[in-house]
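Presented below is the structure to which this report refers.
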Amino acid sequence: AGTLAGRVAVVTGGASGIGLGLARALARRGAQVLLADLAGAEAAADMLRAEGLAAEGIAADVSSEVATAAMAEAAETRFGGLDILVNNAGIYATLTPKPFEELDLAEWRRVLEVNVMGTFLCCRAVLPAMQRRGGGRIVNISSGVAFKGNPYMAHYVASKGAVVSLTRALATELGRHGILVNSVAPGFTLSEGVLRNPVLVEGVKGPSLRGRVLARDMLPEDLTGAVCFFAGPDAAFITGQTLVVDGGAYFH
Ligand code: NAD
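Letter by letter, the sequence shown follows residues 9 to 260 in UniProt numbering.
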């Protein structure tokens, strides 16, 4: 039994990349994990179950109020409750960097809709279930670019800044329910999605690595400690915070 034994976690965007890595880490610490993703996450859940972990998958678009409500309900139906939400779903790896004057407005709307409103909707959807458990933990995945800035992704940078502020706002409202809300801001991470996007790999990897104290590639596993910390007993008096995990590229 690990530090999260008896806990039920929902990880959005859990079918691949960082989300799958986070789900695996939570499950290894004893949590039962529901992986939610746009087209479902059965294959990822199968993979975790084959590793002896407790995992199930569900299809859910985080920008849909109906789907996020069904996601929270599924955690209770399948695992008997809901204690931890990791808001990891986001649009990033599929973006093509563009000068801000060329950004497509429809893309701007969708990035904000998924990254910000999606986080908001998931938080709202899990609230009743967490209240039934007498408390909970929410960990939002922001990005180091919220602090450092980053050219050619103004919509994405704005969305991740909003995730930091939303984390603070919700922390002030949810503390009275015993729900702690924190955020993790990763540096450039070689996730599956990023590796499929050569523009990102070539354009960001070099400068990003040069700006890091720990000069190696960052992998999804580098984020698991911070997320599991915020989800676990050692963070019982911490809320509204954002922890930058980037190998020492941005200090604040
Ligand atoms: P990814 O593209 O590999 O994975 C994102 C996952 O989210 C995918 O499985 C995708 O299907 C899912 N998703 C997208 N829209 C969704 C929606 N509307 N509803 C449900 N699921 C949806 O990306 P990643 O690199 O693993 O990134 C994961 C998170 O980490 C994102 O929030 C991203 O912004 C953040 N992040 C990534 C990096 C990086 O360098 N990779 C750095 C900082 C922050």
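Ideal placement from N, C-alpha and C gives every residue a C-beta, glycine not left out.
(1) From the DSSP output, in three-state form, read off P194 for me.
(2) With DSSP collapsed to three states, give me the class of E59.
(3) Go to I26, then tell me how far its alpha helix (DSSP H) extends in each direction, as first and last residue.
(4) Could you name the residues of the same chain whose beta carbon sits closer than 6 angstroms to that of L208, not counting the 5 residues immediately before and after it, in chain order?
(5) In the structure shown, what three-state DSSP assignment does A44 receive?
(6) Under 8 angstroms from any heavy atom of the ligand NAD, does the C-beta of residue 3 make it?
(7) Starting from R86, trace the alpha helix (DSSP H) both ways and give me its first and last residue.
(8) Where does G14 land, buried or exposed, given buried means 16+ other C-beta within 10 angstroms?
(9) If you pair each beta-carbon of the region 142–152 with each one of the region 189–197, do three or more pairs fall below 8 angstroms?
(10) For my contact list, V16 and A83 are in at a C-beta cut-off of 8 angstroms; report their separation, rounded to the angstrom.
(11) Considering only the beta carbon of each residue, do L93 and T20 sit closer than 9 angstroms?
(12) Cβ atoms of A35 and V41: under 9 angstroms apart, would you say?
(13) I'd like to confirm the pairing. Which residues does DSSP put opposite N158 in its beta bridges?
(14) Quick one: what does DSSP say N205 is sitting in, helix, strand or coil?
(15) Can you name the start and end residues of the beta strand (DSSP E) that R145 belongs to?
Reading off the structure:
(1) Strand, per DSSP.
(2) Secondary structure of E59 (DSSP, three-state): coil.
(3) I26 -> alpha helix (DSSP H) spans 25–36.
(4) The beta carbon of L208 sits closer than 6 angstroms to those of V202, all from its chain and outside the five residues before and after it, given in chain order.
(5) If DSSP states are grouped into helix, strand and coil, A44 belongs with the strands.
(6) Past the boundaries of the shown model lies residue 3; the chain is included only from 9 to 260, so the question cannot be answered.
(7) 73–87 is the span of the alpha helix (DSSP H), which, as asked, contains R86.
(8) Under this definition G14 is an exposed residue.
(9) Enough Cβ pairs lie closer than 8 angstroms, so yes.
(10) Right, the Cβ-Cβ distance comes to about 6 angstroms (below 8 angstroms), so this counts as a contact.
(11) Contact annotation: L93 and T20 have beta-carbon atoms nearer than 9 angstroms.
(12) Yes, they are a contact pair.
(13) Answer is none; N158 lacks a bridge partner.
(14) Residue state, collapsed to three classes: coil.
(15) Membership of R145 in the beta strand (DSSP E) is indicated by the continuous run 144–149.
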